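*Asks:* Residue numbers (our numbering): 32 to 315.
Sharing a structure below in structure tokens format, with a few things to ask.
What follows is the structure, given as structure tokens:
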């Protein structure tokens with residue numbers, strides 16, 4: 032972000048030439064405009080008096096409608112919160128490239144293939160390790176705005192940061208839940224045993240990693256936060272695999288615990304998003 036007090040693009044002639052070329056000026060037009068713009072950079076605009084500002088506002092007020100039709104339409108549209116959220120999500124789908132959809136589906140198919148092939152592997156552990164990979168991919172793609180330096184552009188859009196975050200979570204988690212349901216159907220069709228247990232072993236850790244990644248992203252970059260959340264989960268799985276803690280995790284009472292924790296972390300992250308927005312903006 033440029034410093035408002037900076038003399039750019041007047042620091043060097045080639046900077047001004049590049050700026051004029053970006054605006055569509057030909058070399059001849061740039062040569063004609065260069066002296067005038069140099070003088071413009073040295074001009075000090077007069078400071079208006081408070082009385083001048085009041086007179087200007089009074090004259091402008093007579094030209095404005097008493098009720099803005101645009102604001103009225105926006106207010107009415109926002110009254111339907113669910114439809115507004117879905118419309119925002121539909122507009123955000125274009126931000127997700129084809130590779131995200133294909134890679135997520137491929138990870139799901141690989142998880143299903145491992146389980147249905149009856150390989151000599153702990154099926155629940157394989158699903159618990161591969162399912163959260165979808166959360167890693169989804170959060171990195173959905174919340175890459177700060178890394179691409181476009182968050183300032185997002186903030187001038189009609190949806191608030193909270194609404195944008197909710198819309199993207201609807202896309203990511205909706206797709207992941209859909210893949211999880213498809214995975215459960217494949218398990219059921221293949222007769223691979225307890226379908227509900229296998230599906231929850233995939234879905235619940237996914238929600239946990241997604242919630243932890245979003246919460247950590249309030250203090251870290253999204254890439255680091257997602258990697259750390261997924262790494263913590265893999266380390267937890269490795270420790271539980273060499274101890275008796277693994278059998279405890281597979282009990283029906285604790286099977287859904289990671290997902291509940293993940294949903295709670297998502298709620299906390301969304302509530303903290305507005306207060307921590309200044310930390311996410313790029314520095315000057």
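Cβ atoms here follow ideal geometry from the backbone N, Cα and C, with glycine treated the same way.
Because the structure is a prediction, the values reported are computed rather than measured.
Confirm, please, whether the CB-CB distance from residue 261 to residue 240 is below 7 angstroms.
*Replies:* Going by C-beta atoms, residue 240 is nearer than 7 angstroms to residue 261.
*Asks:* For residue 179, does the count of other Cβ atoms within 10 angstroms reach 16, so buried, or fall short, so exposed?
*Replies:* Confidence at residue 179 is low in this model, with a pLDDT of 49, below 50, so the placement of that residue should be treated as unreliable; the coordinate-derived value is given next. With fewer than 16 Cβ atoms within 10 Å of its Cβ, residue 179 is classed as exposed.
*Asks:* Whose C-beta lies closer than 6 angstroms to the C-beta of residue 154 among residues of the same chain, with five residues either side of it excluded?
*Replies:* These residues qualify, in order along the chain: 146.
*Asks:* I'd like to check one pair, residue 295 with residue 167: are the Cβ atoms closer than 7 angstroms?
*Replies:* Not a contact, by the Cβ cut-off of 7 angstroms.
*Asks:* DSSP three-state call for residue 80: helix, strand or coil?
*Replies:* Looking at residue 80 - three-state DSSP - the assignment turns out to be coil, as it is neither helix nor strand.
*Asks:* Determine the closest residue to residue 171 out of 253, 304, 271, 132, with distance taken between C-alpha atoms.
*Replies:* Residue 253 is the option with its Cα nearest to residue 171.
*Asks:* Between the alpha carbons of residue 47 and residue 63, how many angstroms are there, rounded?
*Replies:* Residue 47 and residue 63: Cα-Cα distance of roughly 12 angstroms.
*Asks:* Look at the alpha carbon of residue 288 and the alpha carbon of residue 121, and state the distance between them as a whole number of angstroms.
*Replies:* C-alpha separation (whole angstroms): 31 angstroms.
*Asks:* Quick one: grab the DSSP three-state call for residue 290.
*Replies:* Helix.
*Asks:* Which ranges does the alpha helix (DSSP H) cover as unbroken runs of at least 4 residues, wholly within the region 116 to 156, from first to last along the chain?
*Replies:* Correct list: 129 to 147.
*Asks:* What does a CB cutoff of less than 7 angstroms around residue 248 pick up in its chain, not counting 5 residues either side in sequence?
*Replies:* Only 174, 256 meet the Cβ criterion.
*Asks:* Go ahead and label residue 273 buried or exposed: buried means 16 or more other beta carbons lie within 10 angstroms of its beta carbon, across all protein chains shown.
*Replies:* Label assigned to residue 273: exposed.
*Asks:* Taking the alpha-carbon of residue 139 as reference, which of 67, 163, 123 has the nearest alpha-carbon?
*Replies:* Residue 163 is the option with its Cα nearest to residue 139.
*Asks:* Using only alpha-carbon positions, find the residue among 80, 245, 268 that is nearest to residue 158.
*Replies:* The shortest Cα separation from residue 158 among 80, 245, 268 belongs to 268.
*Asks:* Taking DSSP as the reference, what is the three-state secondary structure of residue 179?
*Replies:* Only weak support is given to the placement of residue 179: the predicted model assigns it a pLDDT of 49, under 50, and the value that follows is read from those uncertain coordinates. If DSSP states are grouped into helix, strand and coil, residue 179 belongs with the helices.
*Asks:* Identify which residue in 117, 251, 246, 203 has its Cα closest to the Cα of residue 234.
*Replies:* Cα-wise, what sits closest to residue 234 is 203.
*Asks:* Since residue 142 and residue 161 are thought to touch, with beta carbons under 8 angstroms apart, how far apart are those beta carbons, to the nearest angstrom?
*Replies:* Confirmed, about 5 angstroms.
*Asks:* For the alpha helix (DSSP H) containing residue 254, list its first residue and its last residue.
*Replies:* Unbroken alpha helix (DSSP H) run through residue 254: 253 to 272.
*Asks:* Just the Cα atoms here: how many angstroms apart are residue 134 and residue 123?
*Replies:* Distance between the alpha carbons of residue 134 and residue 123 is about 19 angstroms.
*Asks:* Straight-line CA distance for residue 11 to residue 169?
*Replies:* Residue 11 lies beyond the residue range present for the chain, which begins at 32 and ends at 315; the question has no answer from this structure.
*Asks:* Going by the beta-carbon positions, is the gap between residue 231 and residue 297 smaller than 7 angstroms?
*Replies:* Their beta carbons are not under 7 angstroms apart, which means residue 231 does not touch residue 297 by this criterion.
*Asks:* Using a Cβ-Cβ cutoff of less than 6 angstroms, which residues in the same chain neighbour residue 210 once the five nearest sequence positions on both sides are dropped?
*Replies:* Around residue 210: 139.
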